[in-house]
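K.L.:
When the letters of the sequence shown are read in order and numbered with our numbering, they come out as residues 561 to 640. Using N, Cα and C, we set each Cβ at its ideal position, and we do this for glycine too. The structure presented is a predicted model; accordingly, all values stated were derived computationally and were not measured. Have a look at the structure that comes next, please.
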Amino acid sequence: MTKNETLVEKLNDLAHKAKDRTITKEEEEEQRALRKEYLENFRAGFKSQIEMMRVFDKEGKEVTPEKVRKIQREKGLRDD
C-alpha cells in the first residue's frame, strides 16, 4: 500500500468515527494533520505533472506555455 493510500485509509477511518460518534480532540488533531499532509502530497504531485506536460495543437506544433517551458529548462527537462 502506498503512503497516500495509507493516508486516505486513516482519514476515512476517522471520518467514519466522526460520523458515528464524537471523536476525541487527539483524533481531531490527527485528522487535521493527515488532511494537511494529503493535500501537500496531492499538490506536489499535480505540480509535477503540470511541469512535465508538453502541449501540442492540432497541427502538431508545440504550444506549451512559456512559463512551463522555463520551469522545464531549469529542471533540465528541455534542451531548447
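When the Cβ atoms of the stretch 619-627 are set against those of the stretch 592-603, are three or more pairs found closer than 8 Å?
P.N.:
Segments in contact, no.
K.L.:
Starting from isoleucine 631, trace the alpha helix (DSSP H) both ways and give me its first and last residue.
P.N.:
First-last of the alpha helix (DSSP H) with isoleucine 631: 626-634.
K.L.:
Can you give me the start and stop residues for the alpha helix (DSSP H) that valine 568 sits inside?
P.N.:
Per DSSP, valine 568 belongs to the alpha helix (DSSP H) from 563-580.
K.L.:
Which same chain residues, not among the five before or five after arginine 614, have their C-beta less than 7 Å away from its C-beta?
P.N.:
So the list reads Glu622, Thr624, once near-sequence residues are dropped.
K.L.:
Checking the sheet assignment: what are the DSSP bridge partners for glutamate 587?
P.N.:
Answer is none; glutamate 587 lacks a bridge partner.
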